[in-house]
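Below: one structure, written as structure tokens.
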Amino acid sequence: MNSLPQPAPPQPHTGRDSARDDWFETPDGLPRGYIQTETLTELWFNTGTICNLACPFCLEGSGPGDNRLGAITLAEAKPFIEDAVQLGVRQFSFTGGEPFVVRDMISILDFALERGSSSPTARSP
Ligand code: SF4
0 MNSLPQPAPP QPHTGRDSAR DDWFETPDGL PRGYIQTETL TELWFNTGTI
50 CNLACPFCLE GSGPGDNRLG AITLAEAKPF IEDAVQLGVR QFSFTGGEPF
100 VVRDMISILD FALERGSSSP TARSP
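Note that numbering that gives the first Met the number 0 has the sequence shown beginning at 0, numbered continuously upward.
So this is what it looks like as structure tokens:
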């Protein structure tokens, strides 16, 4: 398991005269929320829009024969999984459509597990 770098602790407020204060604090001196852009916690894949069901409430509008988004392949997923691992990803998630009608889905999950995700998750919308 990769360990993610922790955010730098907030520094004491020393006045409103530096650009750093504008980045980390509101004009009232309160700490701002921020995203660590150099790390990645979770990566989601859309595995394609095809599904074996056709639920009327489907957020994706998926169904049998729906190929608006083609089924993802292991070869397409691998470089994104590799990049995500380098960025410290902790979880891969897969949605569609129905991920388990995708021919390469088990191979993709195996690869994600092998590369370090402790809990790849696949679900329908
Ligand atoms: S993706 Fe999920 S919600 Fe959509 S049709 Fe398939 S099973 Fe139903």
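Cβ atoms here follow ideal geometry from the backbone N, Cα and C, with glycine treated the same way.
Just so you know, these numbers come straight off a predicted model, no measurement behind them.
Buried versus exposed call for Met0 [16 or more other C-beta atoms within 10 Å across all chains shown]: Numbered from its first residue, the sequence shown carries residue 0 at position 1. Reliability fails at Met0, whose pLDDT of 44 lies under 50, so the model's placement of it is uncertain and the value that follows must be treated cautiously. That one is exposed.
Taking 6 angstroms as the cut-off, is the CB of Leu68 close to at least one heavy atom of ligand 1? For the purposes of this step, residue 68 is taken as the residue at position 69 of the sequence shown. No, the Cβ of Leu68 stays beyond 6 angstroms of every heavy atom of ligand 1.
Report yes if the C-beta of Ser92 is less than 6 angstroms from at least one heavy atom of ligand 2; otherwise report no. Ligand 2 is not part of this structure, which contains only ligand 1.
I believe Cys50 touches Gly95 by the beta-carbon criterion, under 8 angstroms. Please report the beta-carbon distance rounded to the nearest angstrom. On the sequence shown, position 51 is the one that residue 50 refers to. On the sequence shown, position 96 is the one that residue 95 refers to. The C-beta separation of Cys50 from Gly95 comes to about 6 angstroms, placing the pair in contact by the 8 angstroms criterion.
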